[in-house]
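Asks: Residue 235 in this note's numbering sits at position 235 of the sequence shown, and the numbers go up by one each step.
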Amino acid sequence: EWQTPNLLEARVVRQLLKQRRPVGFPPGPTGLPLIGNIHSLASEQPHVYMKRQSQVHGQIFSLDLGGISSIVLNGYDEIKECLIQQSEVFADRPSLPLFKKLTNMGGLLNSKYGRGWTEHRKLAVSSFRLFGYGQKSFEHKISEESMFFLDAIDTYKGKPFDLKHLITNAVSNVTNLIIFGERFTYEDMEFQHMIEIFSENIELAASASVFLYNSFPWIGILPFGKHQQLFKNAAEVYNFLLKLIERVSQNRKSQLPRHYIDAYLEEMDRNKNDPEFTYSTENLIFSVGELIIAGTETTTNVLRWAILFMALYPNIQGQVHKEIDLVVGPNKTPSLEEKCKMPYTEAVLHEILRFCNIAPLGIFHATSKDTVVRGYSIPQGTTVITNLYSVHFDEKYWSNPEVFYPERFLDSNGQFVKKEAFVPFSLGRRHCLGEQLARMEMFLFFTSLLQRFHLHFPHGLIPNLKSKLGMTLQPYPYLICAERRY
Ligand code: HEM
1 EWQTPNLLEA
11 RVVRQLLKQR
21 RPVGFPPGPT
31 GLPLIGNIHS
41 LASEQPHVYM
51 KRQSQVHGQI
61 FSLDLGGISS
71 IVLNGYDEIK
81 ECLIQQSEVF
91 ADRPSLPLFK
101 KLTNMGGLLN
111 SKYGRGWTEH
121 RKLAVSSFRL
131 FGYGQKSFEH
141 KISEESMFFL
151 DAIDTYKGKP
161 FDLKHLITNA
171 VSNVTNLIIF
181 GERFTYEDME
191 FQHMIEIFSE
201 NIELAASASV
211 FLYNSFPWIG
221 ILPFGKHQQL
231 FKNAAEVYNF
241 LLKLIERVSQ
251 NRKSQLPRHY
261 IDAYLEEMDR
271 NKNDPEFTYS
281 TENLIFSVGE
291 LIIAGTETTT
301 NVLRWAILFM
311 ALYPNIQGQV
321 HKEIDLVVGP
331 NKTPSLEEKC
341 KMPYTEAVLH
351 EILRFCNIAP
361 LGIFHATSKD
371 TVVRGYSIPQ
381 GTTVITNLYS
391 VHFDEKYWSN
401 PEVFYPERFL
411 DSNGQFVKKE
421 AFVPFSLGRR
431 HCLGEQLARM
441 EMFLFFTSLL
451 QRFHLHFPHG
461 LIPNLKSKLG
471 MTLQPYPYLI
481 CAERRY
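(1) Quick check on DSSP: helix, strand or coil for residue 404?
(2) Can you tell me the Cβ-Cβ gap for residue 487 and residue 241, rounded? I've got them flagged as a contact below 8 Å.
(3) Tell me the DSSP secondary structure of residue 73 in three-state form.
(4) Nearest chain D C-beta to residue 350 closer than 8 Å, yes or no?
(5) On the CB-based measure, 16 or more other CB atoms within 10 Å of its CB, does residue 91 come out buried or exposed?
(6) Check whether the Cβ atoms of residue 341 and residue 327 sit closer than 8 Å, and answer yes or no.
(7) Would you check if there are 3 or more beta carbon pairs closer than 8 Å linking the stretch 335–350 to the stretch 273–290?
(8) Just reading off the alpha helix (DSSP H) that residue 356 is part of, what are its end residues?
(9) Quick check: what's the CA-CA separation for residue 103 versus residue 110?
(10) Assuming the contact rule is C-beta atoms closer than 8 Å, residue 47 and residue 464 should be a hit. Round their C-beta distance to whole Å, please.
(11) Output yes or no for whether 8 Å exceeds the beta carbon distance between residue 197 and residue 169.
(12) If you draw a straight line from the C-alpha of residue 134 to the C-alpha of residue 473, how long is it?
(13) The ligand HEM heavy atoms versus the CB of residue 308: any closer than 7 Å?
(14) Tell me where the beta strand (DSSP E) around residue 487 begins and ends.
(15) Using 8 Å for Cβ pairs, my map puts residue 475 next to residue 308. What's the rounded Cβ distance?
(16) By Cβ distance below 7 Å, which residues in the same chain neighbour residue 1 in space, the five residues on each side in sequence not counted?
(17) What's the call for residue 298, buried or exposed, on a 16-neighbour Cβ count within 10 Å?
(18) What does the Cβ neighbour count give for residue 120, buried or exposed, with the cut at 16 atoms within 10 Å?
(19) Which residues in the same chain as residue 479 place their Cβ atom closer than 8 Å to its Cβ, once the five residues preceding and following it in sequence are excluded?
(20) Taking 8 Å as the cut-off, decide whether the C-beta atoms of residue 263 and residue 172 are in contact.
(21) Please report the distance separating the alpha-carbon of residue 317 from that of residue 451.
(22) According to DSSP, residue 64 sits in a beta bridge with which residue or residues?
(23) State yes or no: is the C-beta of residue 83 within less than 8 Å of the C-beta of residue 427?
(24) Specify, as a first and last residue, the run of the alpha helix (DSSP H) that residue 41 falls within.
The following block contains the structure:
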């Protein structure tokens, strides 16, 4: 489809008009014609760029993402003011062409703020309780998964290897139990492939060429580029999930849901006469995909960073070993009941979440109405970026934030203390719905791993400590030796 010169001109003029800042809008860095500030985001880690810009333009500033009018919120006070004090106004998601194409703004995580989101979030929350942590046996199931995980590590007999795939499998299996009522073995290549290409999409979503697609969706007709790879992956994931959902919902019995899928289909049946009801097979597939990836990508990366830092700081690892030996001992399976007696281990996990910023920009929000924040006018439909990294490195709340220091979460008696400006799961209506599950998993996997193993880098060689660029931050692949302690 070739564009005639006139049509192209009209598009350029329209794009330039879109780029003008509305009256009363926050100031921000000057962008280039057409692409605005997109090129700056491609040149360094976006969250670092944004924190630096906040020192020039203020804690709330504007960015032009190629005609997509956006504001960036930096610092704890500013994020709280918007996501808590004006929680409804800031609870929407932007209608970006990428999300529209992928989920038609349905599902759960990317859903517009309205009836669809409310109905999908409610069922997910109640299913997590019903088939997850509300069951007494659920902790035991996580421990069982962590035993499979440790036994798989044992097969390497202390030789160097990359833990990424094993952690991904183990972590996703905890969500799989809730959603599908079953786990997948570590040899299940089909499931692993699905997670792999899904996770590749999270990386692609942060690439400059995909940002460009959001501004100029007509580049979608080009047969090459990262957006094409992204759409191809998304279609493959969709078909995989559709088949899986069909399989696990066979033999479904009314009023006896066995897992999230059953519960969703049951609700869909019950409301089939309500034309406004938002459940559909499509929205089920989108929600399932979102729950799987939101739970796996994040928790896996926390554990990968935690292992990296334990090998990097042997004295910190030693203190965790000491606490585990004292409270749990060498033979018993660690349990959540013991968490309150293990403040040092808790402090280490919290410092990993603060320092490593797994989701540095959270998930993009949007305003559902016109509003005013700190004197600035923000129109409805503005994209809102929450720079959670800037909160974790906010000098007002943290001393020497650039230092990895678990003791900042301990009082003078060595007891664990909560910190207000600790927001890895974000705040407000859209805050992470898997927080409780993630906390259980992180604690149980981490303590059972360190109960059995001593972790070190092969030949003491320290790997690259930088994070890869993406919507979530993960370490570059690294090798580790897990040596049995007993
Ligand atoms: C350490 C692990 C995790 C971290 C750091 C994390 C972080 C986040 C963050 C920052 C958000 C964005 C909230 C916002 O829009 O303001 C979010 C949303 C979300 N998370 Fe998590 N998450 C984790 C684990 C999980 C798990 C285990 C699940 C489920 C299995 C999950 C499911 C979701 C969902 C569904 C949303 C979207 C909520 C909505 O739009 O209403 N997350 N998470």
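Ideal Cβ placement from N, Cα and C applies to all residues, glycine included.
Replies: According to the structure shown:
(1) DSSP places residue 404 in coil when its eight states are reduced to three.
(2) Residue 487 cannot be examined here, being either before or after the span of the chain that is shown, 1 to 486.
(3) DSSP places residue 73 in strand when its eight states are reduced to three.
(4) The structure shown contains no chain D, having only a single protein chain.
(5) Buried.
(6) Cβ distance < 8 Å, so residue 341 and residue 327 count as in contact.
(7) At 8 Å Cβ cutoff, the stretches do not touch.
(8) Residue range 343–356 is occupied by the alpha helix (DSSP H) that includes residue 356.
(9) Distance between the alpha carbons of residue 103 and residue 110: 8 Å.
(10) Incorrect: roughly 19 Å between the Cβ atoms, too far for contact.
(11) Result no, Cβ atoms of residue 197 and residue 169 do not sit closer than 8 Å.
(12) Straight-line spacing of the CA atoms in residue 134 and residue 473 works out to 30 Å.
(13) For the ligand HEM, no non-hydrogen atom lies closer than 7 Å to the CB of residue 308.
(14) There is simply no residue 487 to check, as the chain begins at 1 and stops at 486 in what is shown.
(15) Yes, residue 475 and residue 308 are in contact; Cβ-Cβ is about 5 Å, under 8 Å.
(16) Any reading at residue 1 needs caution, since the residue's pLDDT is 45, under 50, leaving its predicted position unreliable; the model's value is listed next. Only 221 meet the Cβ criterion.
(17) Residue 298 is buried by the Cβ-count criterion.
(18) Buried: at least 16 other Cβ atoms inside 10 Å.
(19) Its chain contains 160, 161, 162, 457, 458 and 463 as the residues whose beta carbon lies nearer than 8 Å to that of residue 479, once the 5 sequence neighbours on both sides are disregarded; these appear in chain order.
(20) Cβ distance not < 8 Å, so residue 263 and residue 172 don't count as in contact.
(21) Their Cα atoms are separated by approximately 11 Å.
(22) Residue 64 is bridged by DSSP to 69.
(23) When the beta-carbon positions are compared, residue 83 and residue 427 come within less than 8 Å of each other.
(24) For residue 41, the enclosing alpha helix (DSSP H) covers residues 38–43.
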